[in-house]
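So the sequence lines, in the order shown, correspond to chains A and B.
Under the numbering used here, residues 1 to 176 are what the first sequence spells out, in order.
Under the numbering used here, residues 177 to 352 are what the second sequence spells out, in order.
Okay, structure first, notes after.
2 protein chains.
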Amino acid sequence: MEGFKFSLRDLPQREILNKYSKQFSGLNINAVESCIALLRTASQISEVYDKHFATYGISEGKFTILMLLYRQSDYQLSPVSLSIKAEVSKATMTGLISGLENQGLIEKAPNPNDRRGYLVRLRPKGLDLLERILPVHYSMTAKLMSSLDETQLKELTSLLNILTKNFPITNELKEE
Amino acid sequence: MEGFKFSLRDLPQREILNKYSKQFSGLNINAVESCIALLRTASQISEVYDKHFATYGISEGKFTILMLLYRQSDYQLSPVSLSIKAEVSKATMTGLISGLENQGLIEKAPNPNDRRGYLVRLRPKGLDLLERILPVHYSMTAKLMSSLDETQLKELTSLLNILTKNFPITNELKEE
DNA sequence: TTTATATAGTAAGGGACCTTACTTGTTTTG
DNA sequence: CAAAACAAGTAAGGTCCCTTACTATATAAA
Numbered sequence: 001m002e003g004f005k006f007s008l009r010d011l012p013q014r015e016i017l018n019k020y021s022k023q024f025s026g027l028n029i030n031a032v033e034s035c036i037a038l039l040r041t042a043s044q045i046s047e048v049y050d051k052h053f054a055t056y057g058i059s060e061g062k063f064t065i066l067m068l069l070y071r072q073s074d075y076q077l078s079p080v081s082l083s084i085k086a087e088v089s090k091a092t093m094t095g096l097i098s099g100l101e102n103q104g105l106i107e108k109a110p111n112p113n114d115r116r117g118y119l120v121r122l123r124p125k126g127l128d129l130l131e132r133i134l135p136v137h138y139s140m141t142a143k144l145m146s147s148l149d150e151t152q153l154k155e156l157t158s159l160l161n162i163l164t165k166n167f168p169i170t171n172e173l174k175e176e
Numbered sequence: 177m178e179g180f181k182f183s184l185r186d187l188p189q190r191e192i193l194n195k196y197s198k199q200f201s202g203l204n205i206n207a208v209e210s211c212i213a214l215l216r217t218a219s220q221i222s223e224v225y226d227k228h229f230a231t232y233g234i235s236e237g238k239f240t241i242l243m244l245l246y247r248q249s250d251y252q253l254s255p256v257s258l259s260i261k262a263e264v265s266k267a268t269m270t271g272l273i274s275g276l277e278n279q280g281l282i283e284k285a286p287n288p289n290d291r292r293g294y295l296v297r298l299r300p301k302g303l304d305l306l307e308r309i310l311p312v313h314y315s316m317t318a319k320l321m322s323s324l325d326e327t328q329l330k331e332l333t334s335l336l337n338i339l340t341k342n343f344p345i346t347n348e349l350k351e352e
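Okay, here's the thing in structure tokens:
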């Protein structure tokens, strides 16, 4: 799931880091500063998004589910596919689906291929909601990133992708 | 649950964005891609950190509190200062302090200047814990960021700081 | 100095996501 | 084709952080 919940904190500044770098031999000041900046920036973006979604009565998690359904040509997916794509547990999906169903945004349809499960289907009300949210969401994103020009945005994306590709956890999972 | 994270990463996000960009006029593809990469990267880092803290029986929030106390020359701060610096609500601080106290990592000392409140003080056990966590924490950070060289790290930090400086909400809050 | 207002901290309850331990079907395999 | 292994979904309970509404103390203003 693109949403996550660390909150913005008063993280150490360069002065303090200099002090600590003498004490902790493994400390790379530039690495720590990048990391702090990354977490802080993401947290701020996430907060802006959350507040926007909240005005429509949904969470970032629910938005993700609606988007995943929206991308399907038939607007439907199984709970387990949703949970994998959204990167939440199956149990969390149960809760999200239940909430979205109560709000009338999705419905459960029988799964013809597997009687254990069902398919989650976007309802017209859900589609409408999404198509009201998206224009604002995208223009908010453009505005949030507007202090970087196109070259800088590409540079940022590239640096982040290099990082992500190298994360240990990610690579462990790939082996499965 | 840590299932396959392929959907967001490996499948042609760009293709979908191209489609949407025709539908939503305010959509800037590079901005959205940067934003997604940012949120995903931060989320992965946060997950690695959380798991490390969990092995010591504390959360990211508790770690932050311990760090804030660690930075004080007398190892103590009031709950309300902590909540401001950690950017959590006062009520959340109550819970964090209560947990840390039960774990014997901090203690409550009377506040000589204000009989409404008290001071939170790092106990030796808390100090020890922190000094066991920090070397690993810093070397983990170095490793997470090791796919970027020093120049790239500085570039990343710089781009992120440009972004943050320009965030609307952040600036509103700063005025308070 | 009394009254109004602001601040420190807590309690209660909520939302989002997690893990563990099921139940119920489906697939594999011996 | 039965038995074992596996997969889909749910329930229960936990964690972390939130908001709202309160108590108690401190400070400013009339």
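Quick reminder that beta carbons are idealized off the backbone N, C-alpha and C, glycines included.
Inset, instruction - Work out the CA separation of B:L215 and A:A42 for me, nearest whole Å. - result: To locate residue 42 of chain A, count along the first sequence from 1; it is residue 42. To locate residue 215 of chain B, count along the second sequence from 1; it is residue 39. Cα to Cα, the separation comes out at about 5 angstroms.
Inset, instruction - Identify the continuous beta strand (DSSP E) that holds B:L295 and give its terminal residues. - result: Taking the second sequence and counting its residues from 1, one reaches residue 295 of chain B at position 119. Where B:L295 is concerned, the enclosing beta strand (DSSP E) stretches over Y294 to L298.
Inset, instruction - Report the three-state DSSP secondary structure of B:P255 (helix, strand or coil). - result: By one-based count along the second sequence, residue 255 of chain B stands at place 79. The answer is helix: DSSP assigns B:P255 an H, G or I state.
Inset, instruction - Check whether the segment 50-67 of chain A touches the segment 90-100 of chain A, taking contact to mean three or more Cβ pairs, one atom from each stretch, closer than 8 angstroms. - result: yes
Legend entry - C-beta atoms of A:K191 and A:Y118 nearer than 9 angstroms: Chain A is shown from 1 up to 176; residue 191 of chain A falls before or after that span and cannot be answered.
Inset, instruction - Would you mind working out which of B:P255, B:F229, B:N204 and B:Q220 sits nearest B:R297, comparing C-alpha positions? - result: Numbered from its first residue, the second sequence carries residue 297 of chain B at position 121. Selected option, being the one with the closest Cα: B:P255.
Legend entry - Burial state of A:S184 (16 or more Cβ within 10 Å): The question about residue 184 of chain A has no answer here: the residues shown for chain A are numbered 1 through 176.
Inset, instruction - Counting only the same chain and skipping the five closest in sequence on each side, list residues whose C-beta sits under 6 angstroms from that of B:L306. - result: Position 130 of the second sequence, counted from the start, is the residue given in the question as residue 306 of chain B. Counting only Cβ-Cβ distances below 6 angstroms, and skipping sequence neighbours, we find L242 and Y246.
Legend entry - Neighbour-count burial assignment, A:E150, 16 or more Cβ in a 10 Å radius: Here residue 150 of chain A is taken as the residue at index 150 of the first sequence, counted from 1. The residue in question, A:E150, is exposed, as its Cβ has fewer than 16 Cβ neighbours within 10 Å.
Legend entry - Proximal chain B residues relative to A:K154, where beta-carbon distance stays under 7 angstroms: Here residue 154 of chain A corresponds to residue number 154 of the first sequence, with the count starting at 1. The contacting residues are N206.
Inset, instruction - Note down the Cα distance separating A:T170 from B:E223, rounded to an integer number of angstroms. - result: Translated into positions along the first sequence, residue 170 of chain A becomes position 170. Translated into positions along the second sequence, residue 223 of chain B becomes position 47. Because the pLDDT at A:T170 is just 44, under 50, the model does not fix this residue reliably, and the value given afterwards should be weighed accordingly. Each residue's Cα considered, the two are about 11 angstroms apart.
Legend entry - Buried/exposed call for A:N228, threshold 16 Cβ in 10 Å: What is shown of chain A runs 1 to 176, which leaves residue 228 of chain A out entirely.
Inset, instruction - Identify whether A:P110 lies in helix, strand or coil by the three-state DSSP scheme. - result: In the first sequence, residue 110 of chain A corresponds to position 110, counting from 1. Note: A:P110 maps to strand in three-state DSSP.
Inset, instruction - Can you grab the Cα-Cα spacing for the pair A:K51 / A:A37, in whole Å? - result: In the first sequence, the residue the question calls residue 51 of chain A occupies position 51. In the first sequence, the residue the question calls residue 37 of chain A occupies position 37. Answer to the nearest angstrom: the Cα atoms are 21 angstroms apart.
Legend entry - 9 angstroms Cβ cutoff met for A:I58 and A:L134: As a first step, residue 58 of chain A is located in the first sequence; it is residue number 58 there, counting from the start. As a first step, residue 134 of chain A is located in the first sequence; it is residue number 134 there, counting from the start. Cβ atoms of A:I58 and A:L134: not closer than 9 angstroms.
Inset, instruction - Specify the secondary structure class of B:L244 as computed by DSSP and reduced to three states. - result: Taking the second sequence and counting its residues from 1, one reaches residue 244 of chain B at position 68. Helix.
Inset, instruction - Taking A:F14 as the reference, give the member of A:S25, A:F24 and A:V32 with the closest Cα. - result: Numbered from 1 along the first sequence, position 14 holds the residue referred to as residue 14 of chain A. Looking at the sequence shown, residue 14 of chain A is not Phe but Arg. Residue A:V32 is the option with its Cα nearest to A:R14.
Inset, instruction - Return no unless some Cβ of chain A is closer than 9 angstroms to the Cβ of B:E283. - result: Residue mapping note: residue 283 of chain B aligns to position 107 of the second sequence, counting from 1. Not one chain A Cβ lies under 9 angstroms of B:E283.
Inset, instruction - Give a yes or no on whether the minimum CB-CB distance between B:M269 and chain A is below 9 angstroms. - result: On the second sequence, residue 269 of chain B is found 93 positions in, with the first residue counted as 1. No, its Cβ sits nowhere closer than 9 angstroms to a Cβ of chain A.
Legend entry - CB contact flag (B:K330, A:S147, <9 angstroms): Residue numbering aside, residue 330 of chain B sits at position 154 when the second sequence is read from its first letter. Residue numbering aside, residue 147 of chain A sits at position 147 when the first sequence is read from its first letter. Their beta carbons are not under 9 angstroms apart, which means B:K330 does not touch A:S147 by this criterion.
Legend entry - Interface partners of A:Y138 on chain B, CB under 8 angstroms: Within the first sequence, residue 138 of chain A is the residue found at index 138, counting from 1. Within chain B, the residues near A:Y138 are Y196, F200, G202, L203, N204 and V208.
Inset, instruction - Give a yes or no on whether the minimum CB-CB distance between B:F343 and chain A is below 9 angstroms. - result: Against the second sequence, residue 343 of chain B aligns to sequence position 167. Yes, B:F343 lies at the interface with chain A (some Cβ there is under 9 angstroms from its Cβ).
Inset, instruction - Tell me, please, whether the CB atom of A:T141 is closer than 9 angstroms to any CB atom in chain B? - result: Within the first sequence, numbered from 1, the residue matching residue 141 of chain A stands at position 141. Chain B, which has a Cβ nearer than 9 angstroms to the Cβ of A:T141, makes this yes.
Legend entry - is_contact[B:Q252, chain A] using C-beta, thresh 9 angstroms: By one-based count along the second sequence, residue 252 of chain B stands at place 76. B:Q252 does not count as touching chain A.
Legend entry - Sequence-distant residues of its chain with Cβ nearer than 8 angstroms to B:L303 (five each side left out): Taking the first residue of the second sequence as 1, we reach residue 303 of chain B at position 127. Once the five neighbours on either side are set aside, the close Cβ partners of B:L303 are Y246 and Y251.
Inset, instruction - Run the CB neighbour count on B:I221, radius 10 Å, all protein chains shown included, and call it buried at 16 or more, exposed below. - result: Taking the second sequence and counting its residues from 1, the one referred to as residue 221 of chain B is at position 45. Burial call: buried.
Inset, instruction - Run the proximity test for A:G61: is its beta-carbon closer than 8 angstroms to any non-hydrogen atom belonging to the ligand GDP? - result: Absence of the ligand GDP from the depicted structure is noted, as is the absence of any ligand whatsoever, leaving it without description.
Legend entry - CB contact below 9 angstroms: B:Q248 versus chain A: For the purposes of this step, residue 248 of chain B is identified with residue 72 of the second sequence, where counting begins at 1. Chain A, which has no Cβ nearer than 9 angstroms to the Cβ of B:Q248, makes this no.
Legend entry - Supposed contact pair B:L276 and B:L258 - C-beta distance, whole angstroms, cut 8 angstroms: Taking the first residue of the second sequence as 1, we reach residue 258 of chain B at position 82. Taking the first residue of the second sequence as 1, we reach residue 276 of chain B at position 100. Their Cβ separation, rounded to whole angstroms, is 10 angstroms, which puts B:L258 and B:L276 out of contact at 8 angstroms.
Inset, instruction - Within the same chain, show all residues whose beta-carbon is closer than 8 angstroms to that of B:Y232, passing over the 5 residues directly before and after it, in chain order. - result: Translated into the one-based positions of the second sequence, residue 232 of chain B becomes position 56. Once the five neighbours on either side are set aside, the close Cβ partners of B:Y232 are L305, R308 and I309.
Legend entry - A:L144 beta carbon less than 9 angstroms from that of B:L332: By one-based count along the second sequence, residue 332 of chain B stands at place 156. By one-based count along the first sequence, residue 144 of chain A stands at place 144. No, they are not a contact pair.
Legend entry - Nearest residue (CA-CA) to A:N28, options B:S265, B:M316 and B:N287: For the purposes of this step, residue 28 of chain A is taken as residue 28 along the first sequence, with counting starting at 1. That would be B:M316, whose Cα lies nearest to the Cα of A:N28.
Inset, instruction - List the residues of chain B that A:R40 touches, going by C-beta distances under 7 angstroms, in chain order. - result: Start at 1 with the first residue of the first sequence, and residue 40 of chain A comes out as number 40. Within 7 angstroms Cβ-Cβ: T340.
Legend entry - Test: A:L100 CB closer than 9 angstroms to a CB of chain B: Within the first sequence, residue 100 of chain A is the residue found at index 100, counting from 1. No, because no Cβ of chain B sits closer than 9 angstroms to the Cβ of A:L100.
Inset, instruction - Taking B:A230 as the reference, give the member of B:L339, B:P288 and B:H313 with the closest Cα. - result: Here residue 230 of chain B refers to the residue found at position 54 when the second sequence is read from its first residue. Measuring from the Cα of B:A230, the nearest candidate turns out to be B:H313.
Inset, instruction - Quick one: give me the first and last residue of the alpha helix (DSSP H) that A:Q44 is part of. - result: The residue given as residue 44 of chain A occupies position 44 in the first sequence. Per DSSP, A:Q44 belongs to the alpha helix (DSSP H) from I29 to A54.
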